[in-house]
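Q:
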Amino acid sequence: MADLNRNGIGGILNVLGEHYQTRDAADEDVSKYLNLIAQLDKTELTASISVKPSQIGLDAGDAVFEDNLARILSMADEKNVFVWVDMEDYTTTDVTLDAYTQSASRYGGGVGLCVQANLKRTADDLERLAAVPGKVRLVKGAYDEPTDVAYQQKKHVNEAYKNHLEYMFQTFDSGIAVGSHDPEMIDYAKELRERYKTDFEIQMLMGVRTDAQRELAREGYEVNQYIPYGNKWASYFYRRVRERKENLLFAARAVLTS
1 MADLNRNGIG
11 GILNVLGEHY
21 QTRDAADEDV
31 SKYLNLIAQL
41 DKTELTASIS
51 VKPSQIGLDA
61 GDAVFEDNLA
71 RILSMADEKN
81 VFVWVDMEDY
91 TTTDVTLDAY
101 TQSASRYGGG
111 VGLCVQANLK
121 RTADDLERLA
131 AVPGKVRLVK
141 GAYDEPTDVA
151 YQQKKHVNEA
161 YKNHLEYMFQ
171 TFDSGIAVGS
181 HDPEMIDYAK
191 ELRERYKTDF
201 EIQMLMGVRT
211 DAQRELAREG
221 YEVNQYIPYG
231 NKWASYFYRR
241 VRERKENLLF
251 AARAVLTS
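In full-length UniProt numbering, the protein residues as written are 1 to 258.
1) When the Cα atoms are used, what is the spatial distance from Ala2 to Thr147?
2) Should Gln225 be labelled buried (16 or more other beta-carbon atoms within 10 Å of its own) or exposed?
3) To which residues of the same chain is Tyr107 closer than 7 Å at the C-beta, ignoring the five residues directly before and after it?
4) CA-CA distance, Ile9 and Phe169?
5) Could you check whether the stretch 138-156 touches the stretch 95-107, counting it as contact only if at least three pairs of C-beta atoms, one from each stretch, sit closer than 8 Å?
6) Taking the alpha-carbon positions, what's the His19 to Pro183 distance?
7) Along the alpha helix (DSSP H) that carries Gln213, what are the first and last residues, could you check?
8) Taking the alpha-carbon positions, what's the Val51 to Tyr33 distance?
9) Taking only the alpha-carbon atoms, compute the straight-line gap between Tyr167 and Asp211 and give it to the nearest angstrom.
10) Consult DSSP for Pro53 and reduce its assignment to one of helix, strand or coil.
11) My assumption, with CB atoms under 8 Å, is that Val157 sits in contact with Ala117. Please give the rounded CB distance.
12) Check for me: the beta strand (DSSP E) holding residue 276 runs from which residue to which?
13) CA-CA distance, Glu28 and Gln39?
14) Report the rounded CA-to-CA distance for Val139 versus Leu216, giving the unit in angstroms.
15) Can the beta-carbon of Ala130 be found closer than 8 Å to that of Thr171?
16) Whose C-beta lies closer than 7 Å to the C-beta of Arg6 among residues of the same chain, with five residues either side of it excluded?
17) By the three-class DSSP mapping on this structure, what secondary structure does Met204 have?
18) Taking the alpha-carbon of Ser31 as reference, which of Gln55, Glu201, Thr46 and Asn80 has the nearest alpha-carbon?
19) For Arg195, which residues of its own chain have a beta-carbon under 8 Å away from its beta-carbon, when the five flanking residues on both sides are left out?
20) Compare the beta carbon distance of Val132 and Asp125 with 8 Å and say whether it is the shorter of the two.
21) I'd like to know whether the C-beta atoms of Leu205 and Tyr188 end up nearer to each other than 8 Å.
22) So, at 8 Å on beta carbons, what are the nonlocal neighbours of Arg193 in its own chain, with the 5 sequence-adjacent residues on each side left out?
23) Would you identify the three-state DSSP class for residue 298, choosing helix, strand or coil?
24) Looking at the structure shown, is Gln39 part of a helix, part of a strand, or coil, going by DSSP?
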């Protein structure tokens, strides 16, 4: 992390773990996040954390997820640590959006949410999120979703991503995160920044286009690297590849550079 910061890159720390079926298992990772927040509070590192809903209890019940998210956000707010909430498959979208909008209003923008351009509902979701005082990370989407809810062809996903980006730069006051390794999307974000004068940040995965991350930081853009860590690499790798075969390269790079 310190080396990243010296290169002008922030870190988004994610403890590996997801899809816990019991509260006890979810609570174990919640404790890890609370300890991580306490540790970050004692450093000068530029870092935030990112949690997956199924990691902190969604599969054990909506109430478990909401309660555990509140525990994390309460401590993070006290320690001034930003919290990202990852988005998982389409069946979790509504409960994740609801929890985020409630939390962002309560904690004054100290929380962010990931949305996925491949989902056909995302334009409507962004309209709902435009006035919420938090941050939104736009990604293309890594889950193999059904055709009735998601675009399947790369060109359609790219078109949707660009349309959503322009809406965000037009409508959002700030809090835009471009979660992409695609040079075309990053260049488009730069163009939109010049056109609409809206600030944004770039987020990439650990081990992917590392030189580009450093170059973008040298150019003065805010760059943050998503850093999964822990001892659950086998399940992480398996799930990423099972969700979508195109995830194989990204998952392999994350494992090999950890």
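Yeah, the Cβ is synthetic: ideal placement off N, Cα and C, and Gly gets one too.
A: Per the coordinate set shown:
1) Numbered from 1 along the sequence shown, position 2 holds the residue referred to as residue 2. Numbered from 1 along the sequence shown, position 147 holds the residue referred to as residue 147. Using only the alpha carbons, I get a separation of about 43 Å.
2) Working through the sequence shown from its first residue, we reach residue 225 at position 225. When all chains shown are included, Gln225 counts as buried.
3) Translated into the one-based positions of the sequence shown, residue 107 becomes position 107. Cβ neighbours of Tyr107 beyond the five flanking positions: Leu73 and Asp77.
4) Stepping through the sequence shown from its first residue, residue 9 is reached at position 9. Stepping through the sequence shown from its first residue, residue 169 is reached at position 169. Using only the alpha carbons, I get a separation of about 22 Å.
5) no
6) Here residue 19 is taken as the residue at index 19 of the sequence shown, counted from 1. Here residue 183 is taken as the residue at index 183 of the sequence shown, counted from 1. Between His19 and Pro183, the C-alpha separation is close to 32 Å.
7) Stepping through the sequence shown from its first residue, residue 213 is reached at position 213. That run of the alpha helix (DSSP H) goes Thr210 to Arg218.
8) Mapped onto the sequence shown, residue 51 falls at position 51. Mapped onto the sequence shown, residue 33 falls at position 33. Rounded to the nearest angstrom, the two C-alpha atoms are 8 Å apart.
9) Position 167 of the sequence shown, counted from the start, is the residue given in the question as residue 167. Position 211 of the sequence shown, counted from the start, is the residue given in the question as residue 211. Roughly 29 Å between the two C-alpha positions.
10) Numbered from 1 along the sequence shown, position 53 holds the residue referred to as residue 53. Note: Pro53 maps to coil in three-state DSSP.
11) For this step, residue 157 is matched to residue 157 along the sequence shown. For this step, residue 117 is matched to residue 117 along the sequence shown. That pair is a contact at about 6 Å.
12) Any property of residue 276 remains undetermined from this structure, which presents the chain solely from 1 to 258.
13) On the sequence shown, residue 28 is found 28 positions in, with the first residue counted as 1. On the sequence shown, residue 39 is found 39 positions in, with the first residue counted as 1. For Glu28 and Gln39, the distance between alpha carbons rounds to 17 Å.
14) Along the sequence shown, one-based indexing puts residue 139 at 139. Along the sequence shown, one-based indexing puts residue 216 at 216. If I take the Cα positions, the gap works out to 18 Å.
15) Translated into the one-based positions of the sequence shown, residue 130 becomes position 130. Translated into the one-based positions of the sequence shown, residue 171 becomes position 171. Yes, they are a contact pair.
16) By one-based count along the sequence shown, residue 6 stands at place 6. Nothing listed; no residue qualifies.
17) In the sequence shown, residue 204 corresponds to position 204, counting from 1. Of the three classes helix, strand and coil, the one that applies to Met204 here is strand, per DSSP.
18) Residue 31 sits at position 31 when you count from the first residue of the sequence shown. Nearest C-alpha to Ser31: Gln55.
19) Within the sequence shown, residue 195 is the residue found at index 195, counting from 1. So the qualifying residues of the chain are Phe169.
20) As a working mapping, residue 132 is identified with position 132 in the sequence shown. As a working mapping, residue 125 is identified with position 125 in the sequence shown. It is not a contact, given that the beta carbons lie outside the stated cut-off.
21) Along the sequence shown, read from residue 1 onward, the residue named residue 205 stands at position 205. Along the sequence shown, read from residue 1 onward, the residue named residue 188 stands at position 188. Not a contact, by the Cβ cut-off of 8 Å.
22) One-based indexing of the sequence shown puts residue 193 at position 193. Correct list, in chain order: Phe169, Asp199 and Phe200.
23) An answer regarding residue 298 cannot be provided, because it is not within the stretch 1 to 258 covered by the chain.
24) By one-based count along the sequence shown, residue 39 stands at place 39. Looking at Gln39 - three-state DSSP - the assignment turns out to be helix.
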